[in-house]
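Protein sequences appear in the order of chains A and B. No gaps in the numbering here: position 164 of the first sequence is 164 in the numbering used here, and each next residue is one more. Basically the numbering used here = 1-based index in the second sequence + 165. The structure appears right after this line, and notes come after that.
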Amino acid sequence: MAGIDEAFQGRLGGVSRKDGRLFLRRPDQPGEEEPVAVTVRYLRPLTARTELVFLDDKQREVVTVTGLDALQGEERALVEEALGERYLMAAIQRVRRIDVQFGTRYWQVETDRGPRWFALREPGKNAAWLNDTHLVLRDTAGNRYEIPDLDALDAPSRRRVRRSL
Amino acid sequence: MLAPIPASLAAGLAAPFEAVVSTASDMDGAGRFGEAWVGADRERVVALHGARPALDLPLSTITEVRIDELFGASRLVAVCGGAEHVLATYSRNLVAEFALLARALDDLREGRDVQLPEVIERSVCASCGAPLPERGATCPRCLSRGSVVRRILGLLRPYRRRTVLLMLFAGAGVVASMIPPLTYKMIADRVLEGGRHEELLLWVTLMLAAFLLGSTFQLLTNWSNAWLGARVVADMRAQLHARAQRLKLDYHSRHESGELIGRVMNDAGELQHFLIDGMPYFLVNLLSFVSIAAILLSLSWRLALLVFLPVPILVLGGSGFWRLLRPMFHKHGNRIGRLHTLLGESIRGVRAVKSLVQEKRRDTDFDRANEQLFDVHVRLERTFHGFFGTMSVMMALGTVLVWYAGGGAIIEGTTGIGLGTLLAFVGYMALFYGPLQWFSAVLNWATNALTAAERIFAVIDQPEEGASFGPTHSVAKVRGAIRFERVRFSYERGKEVIRGIDLEVAPGQMIGLVGKSGAGKSTIINLIARFHDPDSGAVVVDGVDLREVDLASWRRQVGMVLQSPFLFNASILENIRYGAPDAPFERVVAAARAARAHDFISSKEDGYDTSVGDGGSSLSGGEAQRVAIARAILNDPPVLILDEATSAVDSETEKQIQEAIANLVKGRTTIAIAHRLATLRNADRLIVIDDGKIVEQGTHEELLAIEDGVFANLVKLQTDINRLRAEQTVWQE
Numbered sequence: 001m002a003g004i005d006e007a008f009q010g011r012l013g014g015v016s017r018k019d020g021r022l023f024l025r026r027p028d029q030p031g032e033e034e035p036v037a038v039t040v041r042y043l044r045p046l047t048a049r050t051e052l053v054f055l056d057d058k059q060r061e062v063v064t065v066t067g068l069d070a071l072q073g074e075e076r077a078l079v080e081e082a083l084g085e086r087y088l089m090a091a092i093q094r095v096r097r098i099d100v101q102f103g104t105r106y107w108q109v110e111t112d113r114g115p116r117w118f119a120l121r122e123p124g125k126n127a128a129w130l131n132d133t134h135l136v137l138r139d140t141a142g143n144r145y146e147i148p149d150l151d152a153l154d155a156p157s158r159r160r161v162r163r164s165l
Numbered sequence: 166m167l168a169p170i171p172a173s174l175a176a177g178l179a180a181p182f183e184a185v186v187s188t189a190s191d192m193d194g195a196g197r198f199g200e201a202w203v204g205a206d207r208e209r210v211v212a213l214h215g216a217r218p219a220l221d222l223p224l225s226t227i228t229e230v231r232i233d234e235l236f237g238a239s240r241l242v243a244v245c246g247g248a249e250h251v252l253a254t255y256s257r258n259l260v261a262e263f264a265l266l267a268r269a270l271d272d273l274r275e276g277r278d279v280q281l282p283e284v285i286e287r288s289v290c291a292s293c294g295a296p297l298p299e300r301g302a303t304c305p306r307c308l309s310r311g312s313v314v315r316r317i318l319g320l321l322r323p324y325r326r327r328t329v330l331l332m333l334f335a336g337a338g339v340v341a342s343m344i345p346p347l348t349y350k351m352i353a354d355r356v357l358e359g360g361r362h363e364e365l366l367l368w369v370t371l372m373l374a375a376f377l378l379g380s381t382f383q384l385l386t387n388w389s390n391a392w393l394g395a396r397v398v399a400d401m402r403a404q405l406h407a408r409a410q411r412l413k414l415d416y417h418s419r420h421e422s423g424e425l426i427g428r429v430m431n432d433a434g435e436l437q438h439f440l441i442d443g444m445p446y447f448l449v450n451l452l453s454f455v456s457i458a459a460i461l462l463s464l465s466w467r468l469a470l471l472v473f474l475p476v477p478i479l480v481l482g483g484s485g486f487w488r489l490l491r492p493m494f495h496k497h498g499n500r501i502g503r504l505h506t507l508l509g510e511s512i513r514g515v516r517a518v519k520s521l522v523q524e525k526r527r528d529t530d531f532d533r534a535n536e537q538l539f540d541v542h543v544r545l546e547r548t549f550h551g552f553f554g555t556m557s558v559m560m561a562l563g564t565v566l567v568w569y570a571g572g573g574a575i576i577e578g579t580t581g582i583g584l585g586t587l588l589a590f591v592g593y594m595a596l597f598y599g600p601l602q603w604f605s606a607v608l609n610w611a612t613n614a615l616t617a618a619e620r621i622f623a624v625i626d627q628p629e630e631g632a633s634f635g636p637t638h639s640v641a642k643v644r645g646a647i648r649f650e651r652v653r654f655s656y657e658r659g660k661e662v663i664r665g666i667d668l669e670v671a672p673g674q675m676i677g678l679v680g681k682s683g684a685g686k687s688t689i690i691n692l693i694a695r696f697h698d699p700d701s702g703a704v705v706v707d708g709v710d711l712r713e714v715d716l717a718s719w720r721r722q723v724g725m726v727l728q729s730p731f732l733f734n735a736s737i738l739e740n741i742r743y744g745a746p747d748a749p750f751e752r753v754v755a756a757a758r759a760a761r762a763h764d765f766i767s768s769k770e771d772g773y774d775t776s777v778g779d780g781g782s783s784l785s786g787g788e789a790q791r792v793a794i795a796r797a798i799l800n801d802p803p804v805l806i807l808d809e810a811t812s813a814v815d816s817e818t819e820k821q822i823q824e825a826i827a828n829l830v831k832g833r834t835t836i837a838i839a840h841r842l843a844t845l846r847n848a849d850r851l852i853v854i855d856d857g858k859i860v861e862q863g864t865h866e867e868l869l870a871i872e873d874g875v876f877a878n879l880v881k882l883q884t885d886i887n888r889l890r891a892e893q894t895v896w897q898e
């Protein structure tokens, strides 16, 4: 087992993409010269998207790293593309309207992925403030939305959010 | 067809395409909210994002259709050997639809017919497009309130006489309350001004009588209403409990138990509150509001108009005020909840807090939440008082206007308004304005009560289990031949846990199910007990499809001893004969003896009368196991389902449980989820399950002999663990 201070010392290299899948080769590890099919995840997808872990087909850790600094150009773009395909949480840019009906809050919002209308219930459970201005919501279907910085929204949107939550 | 592909898009495909199944996604290929379609015919599957086909694959090249759970969305992937193609990315709104599509694609690939269920639990309302408060719920925005009200009133039907009586009391109460201001007028006009002093006593008596009658009728109204409201809610609660007992287990696995308990208690309570307090208030005040308006207009329409002047302000102000207040109430509730959680953690987790030395941090967290609650509390109270302050000014204004105009009219003496009319006006005004400010509050309240009622009806309207397959017949005593025919099953659409199982168990045979956790063993026994029905294929008993057998008559034939047996909060005796309450005590003791439970029960202070506590909490794990075994033995079922406990017990208890189980399985068809070596050895046949399929079967020895077999490996692992445990035990000693 790696020491506590070496958790993110894994080395990256040899990223490729074939047939819709991401492959990783770890030349520094003896016996792992062959590229393995991996998926890439953030360790802290909500609070800090800095550390990444690569998992193989059986969901076992291949390597954990801090950031993608070790990668350049094409390889880095491939990993970023894979991350973009997996992390699809919409960021709310504008809150058009929040109305409460029968105990359910209906939000009409503009997000970075287009307009959306969703229902929120039990905000104590489904609305989490990660800090004073960073809000993550889970709607009744299980979709997630975030407001990375409430103060960055326009005044009416801010007012609607503050009044509702 | 879940959602048809628009004809204009299908026309753009290279070869003619007639979709057998298709659905729409709510995200485009780039993960933006938009539209895309996936469809398949018998030859190929196509994905369309916009005009040009994004993918067009022959079904024959696909080796697997897989659903990937992403962060905040999901995607449907077609695996073609080593290559993967994303057919569609979609939000969680569409998980049910895409799970069905994935199944349908599998069916098409294997040349089967596509079968789609009639009802799909959608998360977006099919008619108005609004997001639903819960998957499969009726859309509250489209809900006809009239129909819910009619259903609630329908619950009153058995109590028609009392309901009519209630109405009469309420009406009489309103009439009585209208009288006193009229007596003011009579006293002023006839006695004080007209000089008929002898009439004073008459009018005062009438006034007193009206007050007394008014109060009496109000009391009677409230009393009969208290009875009716509580009656209706109690009936509803009973219906709800009865239904909850007979719901399909699918419902229970989809909903947390707290949710259902909440419906039975909270929603019913909310409704009761409204029916008892809100409804009569609303009815009585509406009635008196209209009558007073009529009386005022008949007394003097000029003054009446002055009285009506503040009404729009009161009504609009009232509804505006509640719109302002409602989010504050919600906020207040949430913050109280937050404080509760923090306080609970601080107290229950006091050891953890102390050992991690975080008392200060807990203080800070608590103080912060406490201050937030303080803020919203102050704002709430201030808004509340501010509103009522404003409203009383409005009402006072009306009074002032009436005195000014009425007084002026009397002085001028031209309009026929006398002192009596003015006094009557002032008297009515108090009755008139008072309820106005509450109307919108009560309406708001009604909305919540209607939602609660709707939620309750939603449960009551759920289908009962075992009612889906046409005529059934009872079985008296089965022989116990059980057969699985190509059984497939999923709890959640898209995640199949049983993936095509064929199995044959002869009467009296003992089968041991072996496999990792999550392999599907528990699901197999759930299917035998018919807690669920297979998605496809059939479970057949003595040659009859289980779905054609009367459910209760079948369950009486199946004994179950589960890993953590559920005991009711009652005595050991009552628990043993829970399934056969009329069993003579002698048989109970015999069953307990066979279950090796007689000794420990006898040695307890209260013997068989010992209360097991909530959920059996006052018995040890080994004791509870044996009580459950005694319960199964007493019922003498021809089929037995046994889920062995994995928890370690001391060797003496272990030996007794083994003996109890040996007594239990004698002469019964037994399906056991086996962990213990003794059970594995005793089984006639072991079935090794992995990932929802049977991978190996045979006797203990046969399976051990398989080189690198799944079972052989499991046993090896188990032996290693046991050796470790044994070593630990030695060390502890």
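Think of the CB as a built atom: it goes at the ideal place given N, C-alpha and C, for glycine as much as any other residue.
Between the region 507-517 of chain B and the region 525-533 of chain B there are three or more C-beta pairs closer than 8 Å, enough to call the two in contact. Interface with chain B (8 Å Cβ-Cβ cutoff): residue 157 of chain A is excluded.
Considered as a whole, the region 795-850 of chain B harbours 804-808 and 834-838 as its complete beta strand (DSSP E) runs of no fewer than 3 residues, in chain order.
Cβ-Cβ distances below 6 Å link residue 157 of chain A to 94 and 95 in the same chain, with the five nearest sequence neighbours on each side left out; the list follows chain order.
Contact annotation: residue 598 of chain B and residue 460 of chain B have beta-carbon atoms that are not nearer than 8 Å. Cβ neighbours of residue 355 of chain B within its own chain (closer than 7 Å, five residues either side excluded): 361 and 364.
Residue B/413 holds the alpha-carbon nearest to the alpha-carbon of residue 628 of chain B among B/413, B/586, B/711 and B/763. Residue environment: residue 225 of chain B is assigned as exposed (fewer than 16 neighbouring CB atoms within 10 Å of its CB, all protein chains considered). Taking the CA atoms as reference points, residue 204 of chain B sits about 45 Å from residue 430 of chain B. Taken in chain order, the members of the region 224-247 of chain B whose beta-carbon sits within less than 7 Å of a beta-carbon on chain A are 235, 236, 237, 238 and 247.
Contact between the region 724-744 of chain B and the region 763-783 of chain B is present: 3 or more CB-CB pairs across the two stretches fall below 8 Å.
Separation of the CB atoms of residue 197 of chain B and residue 141 of chain A is rounded to 18 Å, and the pair is thereby denied contact status at 8 Å.
With respect to residue 321 of chain B, residue 397 of chain B sits close: the two C-beta atoms are nearer than 8 Å. Counting only runs of 3 or more residues that sit fully inside the region 187-238 of chain B, the beta strand (DSSP E) segments are 198-205, 209-213, 218-223 and 229-234, in chain order. Under DSSP, residue 61 of chain A forms a beta bridge with A/55. In the pairwise beta carbon analysis, the region 61-72 of chain A is classified as not touching the region 110-126 of chain A: fewer than three pairs are separated by under 8 Å. In terms of Cα proximity to residue 167 of chain B, the closest of B/175, B/863 and B/188 is B/188.
Residue ranges of uninterrupted beta strand (DSSP E) with 3 or more members, entirely inside the region 78-159 of chain A and ordered along the chain, are 90-101, 104-111, 114-120, 127-129, 135-138 and 144-147. Within the region 435-479 of chain B, the runs of alpha helix (DSSP H) that reach at least 4 residues and sit entirely inside it are, in chain order, 444-464 and 466-473. By the CB criterion at 8 Å, residue 106 of chain A and residue 295 of chain B fall inside the cutoff. Within the same chain, and ignoring the five residues on either side of residue 266 of chain B in sequence, the residues whose Cβ sits closer than 6 Å to its Cβ are 188. Fewer than three beta-carbon pairs drawn from the region 209-220 of chain B and the region 125-132 of chain A are found closer than 8 Å, and the two stretches are therefore not classed as touching.
Its chain contains 96, 97 and 117 as the residues whose beta carbon lies nearer than 7 Å to that of residue 108 of chain A, once the 5 sequence neighbours on both sides are disregarded; these appear in chain order. Per DSSP, residue 741 of chain B is one residue of the alpha helix (DSSP H) stretching across 737-741.
Look at residue 676 of chain B here: in three-state DSSP terms it is strand.
Between residue 781 of chain B and residue 829 of chain B the beta-carbon gap is near 19 Å, outside 8 Å, which marks them as no contact. Against chain A, the CB of residue 878 of chain B has no partner CB under 8 Å away; the residue lies outside that interface. Sixteen is the threshold: since fewer than 16 other Cβ atoms of the shown chains lie within 10 Å of the Cβ of residue 505 of chain B, the residue is exposed. Contact fails between the region 877-892 of chain B and the region 700-715 of chain B, because fewer than three Cβ pairs, one in each stretch, are under 8 Å apart. Ranking B/840, B/587 and B/709 by CA distance to the CA of residue 686 of chain B puts B/840 first.
Take residue 57 of chain A, set aside five residues on each side of it, and the residues of its chain with a beta-carbon closer than 7 Å to its own are 37, in chain order. At a cut-off of 8 Å between beta-carbon atoms, residue 88 of chain A makes contact with chain B. For residue 117 of chain A, the nearest beta carbon of chain B is closer than 8 Å to its own beta carbon. With a minimum length of 3 residues, the unbroken runs of beta strand (DSSP E) contained wholly in the region 681-767 of chain B fall at 701-706 and 723-726. Sixteen is the threshold: since fewer than 16 other Cβ atoms of the shown chains lie within 10 Å of the Cβ of residue 569 of chain B, the residue is exposed.
Judged by DSSP secondary structure, residue 248 of chain B falls within the beta strand (DSSP E) whose first and last residues are 248-255.
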